[in-house]
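Using my numbering, the letters of the sequence shown map in sequence onto residues 7 to 260. We treat Cβ as the ideally placed atom computed from N, Cα and C, and that holds for glycine.
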Amino acid sequence: MKKIKKTINKYDNFEDTYKKAYIGLPKGFNNIKNPQFLTLDKFKKNHKNINSKKKYPVLFFMHGSAGLKYGKKYKDEVLKEEFIFFAPNSFKIKDRPTYKTPTKLKNYEQVHSLRVAEIFYNIKKLKEFDFIDFNNIFLMGSSEGALAAAKYNGDEFKGRIIAAYSCENSYYSSDFKIGAKKKDPILNIIGTQDEYFSSFSKYENRKVTGNCSTALLKYKNAKVVILPKTKHNVIENQYTIPEVINFLKFHTKY
């Protein structure tokens with residue numbers, strides 16, 4: 007907790023990860039005729055009076071180092087299932103640490119600490135909204151964002167989805183541990199030929215399994231999906247989005 011708060015306080019405009027976060031709204035939310043996707047500050051301007059007795063489940067998405075490009079594809083699909091999509095905007099932090107692979111381990115770790123802090127900060131800020139079903143919020147991350155989603159040590163989320171990350175110590179992280187409770191539903195999706203987190207990675211000098219199966223051995227509600235002939239961008243595989251949607255629907259309880 008102290009470490010996370012220290013990370014947040016290092017940056018003058020950390021709150022912009024929330025103010026400039028992205029939110030996706032399903033058709034019918036506040037009587038909208040079509041799905042909407044906008045920044046949170048614009049959402050507040052456009053929806054000052056929200057008349058919704060319904061509480062919506064949420065996919066809380068942590069983008070990777072390349073941004074929200076792939077996240078938008080997940081967004082399109084979850085909105086069809088009447089989920090709200092929410093994604094903190096890490097890129098709005100001034101002077102945020104970055105890296106270019108390969109680099110020193112400490113450079114990766116700086117970013118990991120920042121991304122975990124984004125989850126801690128943003129999930130608490132979301133409590134201002136009455137239309138969110140806080141019993142059905144799912145945390146998902148892709149690549150860099152997946153490490154943060156897997157590592158976050160909090161109990162606010164119904165389940166977690168770890169896409170394109172292998173949940174093991176490597177050139178990318180030296181102290182990785184799953185932060186979820188043993189009973190929490192977890193879905194890991196990764197390709198066998200991932201360029202960063204498998205034995206195919208040219209950056210890896212340790213023996214790795216290339217998936218989260220070892221890290222999740224004691225998690226009875228975990229599922230690991232290994233996609234043959236699939237590289238880092240797992241969303242290009244036809245089975246990825248159906249796996250994500252099925253996981254969300256299966257574990258959403260009203």
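Worksheet entry | Paired residues, beta bridge with residue 231 - DSSP | DSSP, once it has assigned bridges, lists 195 as partnering residue 231.
Worksheet item: Using CA coordinates, which residue listed in 243, 128, 78 is at the minimum distance from residue 20?
Response: Taking only the C-alpha atoms, the option nearest residue 20 is 128.
Worksheet item: Are the C-beta of residue 237 and some C-beta of chain C separated by less than 7 Å?
Response: Note that chain C does not occur in the displayed structure, where there is just one protein chain.
Worksheet item: What do you reckon, are the CB atoms on residue 99 and residue 17 nearer than 7 Å?
Response: With contacts defined as CB atoms closer than 7 Å, residue 99 and residue 17 qualify as a contacting pair.
Discussion item. Which same chain residues end up closer than 8 Å to residue 255 when comparing Cβ atoms and leaving out the 5 residues on each side of it in sequence?
Written reply: If the five residues before and after residue 255 are omitted, its C-beta is found closer than 8 Å to the C-beta atoms of 87, all from its own chain and listed in chain order.
Worksheet entry | Which listed residue (43, 178, 166) has its alpha carbon closest to that of residue 150 | Its Cα nearest to that of residue 150, the residue 178 stands out among 43, 178, 166.
Worksheet item: For residue 219, which beta-bridge partners are listed by DSSP?
Response: Residue 219 is bridged by DSSP to nothing; it lacks a bridge partner.
Discussion item. Considering only DSSP beta bridges, list what residue 169 is partnered with.
Written reply: Answer is 148, 195, bridged to residue 169.
Worksheet entry | In chain order, each beta strand (DSSP E) run of at least 3 residues that lies wholly inside the segment 21-50 | With a minimum length of 3 residues, the continuous beta strand (DSSP E) runs that stay inside the segment 21-50 are 28-31, 42-45.
Worksheet item: According to the neighbour-count rule (16 or more other Cβ atoms, all chains shown, within 10 Å of its Cβ), is residue 167 buried or exposed?
Response: Buried, since its Cβ has 16 or more Cβ neighbours within 10 Å.
Worksheet item: Going by the CB atoms, is the gap between residue 144 and residue 164 shorter than 7 Å?
Response: Against a cut-off of 7 Å, the Cβ pair of residue 144 and residue 164 comes out as a contact.
Worksheet item: residue 103 to residue 109, Cα distance in whole Å?
Response: Note on geometry: alpha-carbon atoms of residue 103 and residue 109 lie some 13 Å from one another.
Worksheet item: For the beta strand (DSSP E) that contains residue 93, what are its first and last residues?
Response: Residue 93 -> beta strand (DSSP E) spans 90-93.
Worksheet item: Near residue 161, which residues of its chain fall below 8 Å by C-beta distance, leaving aside the five closest residues on each side in sequence?
Response: So the qualifying residues of the chain are 187.
Worksheet item: Relative to the C-alpha of residue 60, which residue among 70, 135, 112, 114 is closest?
Response: It is 135 whose Cα lies nearest to the Cα of residue 60.
Worksheet item: What first and last residue would you give for the alpha helix (DSSP H) that runs through residue 256?
Response: Annotation: the continuous alpha helix (DSSP H) that includes residue 256 extends over 246-257.
Discussion item. According to DSSP, simplified to helix, strand and coil, what is residue 77?
Written reply: Correct three-state label for residue 77: helix.
Worksheet item: Considering only the beta carbon of each residue, do residue 209 and residue 107 sit closer than 7 Å?
Response: Taking 7 Å as the Cβ cut-off, residue 209 and residue 107 qualify as a contacting pair.
Worksheet entry | Top-ranked residue by Cα proximity to residue 226, from 183, 82, 189, 120 | Comparing Cα positions, the closest option is 189.
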